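Novice: Going by our numbering, the letters in the sequence shown line up with residues 1 to 191, in that order.
Got a structure for you, questions after.
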Amino acid sequence: MSTVQCATWAAASARQAAAGQRQQRNGLRQAAPPPSRQQQAALRSLVLMQSGMYVPSDSFGGQSPERRAAQSLQTFFTFVACKIVESQLQGIGRGDLGAYNAAGMMTLRRFMQEESMRDADAWLSKLMVADELLALRIIEVRTAYAKEDFEWDNLRRVALEGLEQGNTQLLRQHASRRYTAMLERAGELED
1 MSTVQCATWA
11 AASARQAAAG
21 QRQQRNGLRQ
31 AAPPPSRQQQ
41 AALRSLVLMQ
51 SGMYVPSDSF
61 GGQSPERRAA
71 QSLQTFFTFV
81 ACKIVESQLQ
91 GIGRGDLGAY
101 NAAGMMTLRR
111 FMQEESMRDA
121 DAWLSKLMVA
131 DELLALRIIE
141 VRTAYAKEDF
151 EWDNLRRVAL
161 EGLEQGNTQL
171 LRQHASRRYT
181 AMLERAGELE
191 D
């Protein structure tokens, strides 16, 4: 069934349901024929095509999974920016241009150890009070890293590969356990 046929069938089903409700209110009862398996499958695929997979709204405190992932990435980018700035403050990775800044490095290390970075913006707000220039530097670096250096396509590829490998490994382990249990039961029956 094509998408157009699915939509047409869904609209017809909605009209039938509305007509059935009107008849029921008027005291008439006429049972509509149940949809065929093909029609049911078409309707399910239409719903999935229109809205994707349904994720309950309370799953992430009313946020979409994408919004929640974006918050996690924001914290991750802040952490990466801290590591980049820390190495810059140590003079690492810049050749002769490296400028050692012991005070800034110690402030950053202390903050990274003592303050939770669960909320990246709150963490940066606290750092801004302690060392405004250091916080501004991290803000600039995290934005530049996310826009220019982070490999978004590679993230998607690696994440999907990891899911596939993990799923395959889990299914193999499960099949192996089931097969072993089945053999053990068969051995018990023979005894």
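Cβ coordinates follow ideal geometry from the N, Cα and C atoms, glycine included.
Remember, it's a predicted structure, so these values are computed and weren't measured experimentally.
When the Cα atoms are used, what is the spatial distance from S176 to L124?
Specialist: Locating residue 176 in the sequence shown gives position 176, counting from the first residue. Locating residue 124 in the sequence shown gives position 124, counting from the first residue. When rounded, the distance between both Cα atoms is 49 Å.
Novice: At least one CB of chain E closer than 8 Å to the CB of E140: is that the case?
Specialist: No chain E is part of this structure, which consists of one protein chain only.
Novice: Nearest-angstrom Cα distance between G187 and Q173?
Specialist: Along the sequence shown, read from residue 1 onward, the residue named residue 187 stands at position 187. Along the sequence shown, read from residue 1 onward, the residue named residue 173 stands at position 173. Taking the straight line joining both Cα atoms gives about 21 Å.
Novice: Would L127 pass as a contact of F111 if the rule is Cβ separation under 8 Å?
Specialist: For the purposes of this step, residue 127 is taken as the residue at position 127 of the sequence shown. For the purposes of this step, residue 111 is taken as the residue at position 111 of the sequence shown. Result yes, Cβ atoms of L127 and F111 sit closer than 8 Å.
Novice: Need the endpoints of the alpha helix (DSSP H) that S125 sits in, please.
Specialist: For this step, residue 125 is matched to residue 125 along the sequence shown. 120-130 is the span of the alpha helix (DSSP H), which, as asked, contains S125.
Novice: In three-state terms, what does DSSP make of M53?
Specialist: Against the sequence shown, residue 53 aligns to sequence position 53. DSSP places M53 in coil when its eight states are reduced to three.
Novice: Is the region 127-139 touching the region 102-116 in the sense that three or more CB pairs, one from each, lie closer than 8 Å?
Specialist: They touch, by the three-pair rule.
Novice: Alpha carbon to alpha carbon, how far is A181 from Q169?
Specialist: On the sequence shown, position 181 is the one that residue 181 refers to. On the sequence shown, position 169 is the one that residue 169 refers to. About 18 Å.
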